Amino acid sequence: PEHFVVAAATGDYSRYVDNHADEKLPRRIVSSLKQAYEHKQNLFQDDHYVLHFTDSRQTESLLYVGETWRLSDLDYRLVELFCTNVSIAFENLHLNQELMESQLEMVHLLAGAAETRSKETANHVRRVGLIAEQLARLSGMDEQQCTLIRFAAPLHDIGKIGIPDAVLNKPGPHTAEETTVMRTHAELGAQLLADSRRPVLRLAATIAREHHENWNGSGYPKGLAGQQISLAGRVTALADVFDALGSTRCYKQAWPAAEVREFITTQSGTKFDPELVDKLLHNWDLFDQIRRDYPD
Numbered sequence: 001p002e003h004f005v006v007a008a009a010t011g012d013y014s015r016y017v018d019n020h021a022d023e024k025l026p027r028r029i030v031s032s033l034k035q036a037y038e039h040k041q042n043l044f045q046d047d048h049y050v051l052h053f054t055d056s057r058q059t060e061s062l063l064y065v066g067e068t069w070r071l072s073d074l075d076y077r078l079v080e081l082f083c084t085n086v087s088i089a090f091e092n093l094h095l096n097q098e099l100m101e102s103q104l105e106m107v108h109l110l111a112g113a114a115e116t117r118s119k120e121t122a123n124h125v126r127r128v129g130l131i132a133e134q135l136a137r138l139s140g141m142d143e144q145q146c147t148l149i150r151f152a153a154p155l156h157d158i159g160k161i162g163i164p165d166a167v168l169n170k171p172g173p174h175t176a177e178e179t180t181v182m183r184t185h186a187e188l189g190a191q192l193l194a195d196s197r198r199p200v201l202r203l204a205a206t207i208a209r210e211h212h213e214n215w216n217g218s219g220y221p222k223g224l225a226g227q228q229i230s231l232a233g234r235v236t237a238l239a240d241v242f243d244a245l246g247s248t249r250c251y252k253q254a255w256p257a258a259e260v261r262e263f264i265t266t267q268s269g270t271k272f273d274p275e276l277v278d279k280l281l282h283n284w285d286l287f288d289q290i291r292r293d294y295p296d
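By this note's numbering, the letter at position 50 of the sequence shown is numbered 50, and the numbering carries on one by one without gaps.
The structure is reproduced here in structure tokens:
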């Protein structure tokens, strides 16, 4: 490569992190780095050594260890064993990353399929995920769970793929019978995802089932109330309505922001968790910016 970049360092070298090694480090160190890189093997000198690693993606890394004593034969074998273990660790990191990327790609494909059938935009589910994530964060949920919610919430309406088009995309009000059919999408979505062992999809199953539950117990499909509804379900419910009211649909025009705010305020403690409503209202600009960043 044209430059070696210092990715991590300790001691006196820590100030060089994110800098070009050939511009900051002594020439003898840079020379050793180049030799190890060019020969694709470990380099041992009297007072330092450089270890070379290559993973299955052909990503190459170098580890410089300075101010060392002359290594014995046992030391050499231990260092080689260390190199093998580091290579395995790199492979595991890449495999985990690929697995996560595959899960996320599947989530977006599934969510996109559901939204295409219901003639809603792909950005609606993206916005719901981002809004739900921010609400969860403001509620004190740890970062790992917030991230899971961001990727799971877009699947809240996945069950709509099982609803007949005539009901799903009807431009006018539903009859009582059609409403009953429409409401089955919550349980259907949960059933579609429930057998997965992946954390994102398991959380998505919970969200699919609970995002139409109401704080006062008047929702569906289970009639859960208050804290019986998971926080993931509660934040997604509020995020979905907040975004849907402000968006044009086949059956309605977008509501003005003032009317959206008024509706959500009146539904605090009835449809929505009142604490989440307070967080939404006090951070309105944050959530409104998400809508502007990802328009229909």
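Backbone N, C-alpha and C fix where the C-beta goes; we use that ideal spot for every residue, glycine too. All values derive from a computational prediction rather than experimental measurement.
For residue i, which of helix, strand or coil comes out of DSSP?
| i | result |
| --- | --- |
| L62 | strand |
| L93 | helix |
| D142 | coil |
| A237 | helix |
| A152 | helix |
| K222 | coil |
| G217 | coil |
| E67 | coil |
| T10 | coil |
| S72 | coil |
| D243 | helix |
| I229 | coil |
| D278 | helix |
| S196 | coil |
| G159 | helix |
| G129 | helix |
| G172 | coil |
Going by DSSP, what residue range makes up the beta strand (DSSP E) through residue i?
| i | result |
| --- | --- |
| Y49 | 48-54 |
Which whole-angstrom value is the C-beta distance of residue i and residue j, which I expect to be below 8 Å?
| i | j | result |
| --- | --- | --- |
| A254 | S247 | 5 Å |
| L33 | V50 | 6 Å |
| Q145 | A132 | In fact, because the Cβ distance is near 11 Å, the residues do not count as touching under 8 Å. |
| A232 | I158 | Contact flag wrong, Cβ pair sits at about 15 Å. |
| N123 | D296 | 6 Å |
| L43 | A111 | Contact flag wrong, Cβ pair sits at about 50 Å. |
| L138 | N19 | Not quite, the Cβ-Cβ distance comes to about 37 Å (not below 8 Å), so this is no contact. |
| E187 | P221 | 5 Å |
| I149 | V235 | 7 Å |
| F53 | S87 | 6 Å |
In this structure, what does DSSP give as the bridge partners for residue i?
| i | result |
| --- | --- |
| R249 | K252 |
| F272 | S268 |
| F44 | Y49 |
| V5 | H20 |
So, at 7 Å on beta carbons, what are the nonlocal neighbours of residue i in its own chain, with the 5 sequence-adjacent residues on each side left out?
| i | result |
| --- | --- |
| L25 | Y16 |
| V245 | Reading the sequence as shown, one finds Leu at residue 245 and not Val. Once the five neighbours on either side are set aside, the close Cβ partners of L245 are W255, V260, F263. |
| A9 | Y16, V17 |
| A225 | W215, N216, G217 |
| A239 | V128, I131, A132, L135, A153 |
| L268 | The question names Leu, yet the displayed sequence has Ser at residue 268. Cβ neighbours of S268 beyond the five flanking positions: P274, V277. |
Might you give, ordered along the chain, the residues of its own chain that have their beta carbon closer than 8 Å to the beta carbon of residue i, omitting 5 neighbours on each side?
| i | result |
| --- | --- |
| D288 | A257 |
| V65 | H48, Y49, V50, L51 |
| R202 | L193, A194, S196 |
| H3 | H20, A21, D22, E23 |
Between which two residues does the alpha helix (DSSP H) containing residue i stretch?
| i | result |
| --- | --- |
| P199 | 199-210 |
| D165 | 165-168 |
| A186 | 176-193 |
| R28 | 27-39 |
| Q289 | 284-293 |
If I measure Cβ to Cβ from residue i and keep anything under 6 Å in the same chain, skipping five residues before and after, which residues do I get?
| i | result |
| --- | --- |
| F151 | L104, V107, V200 |
| R77 | none |
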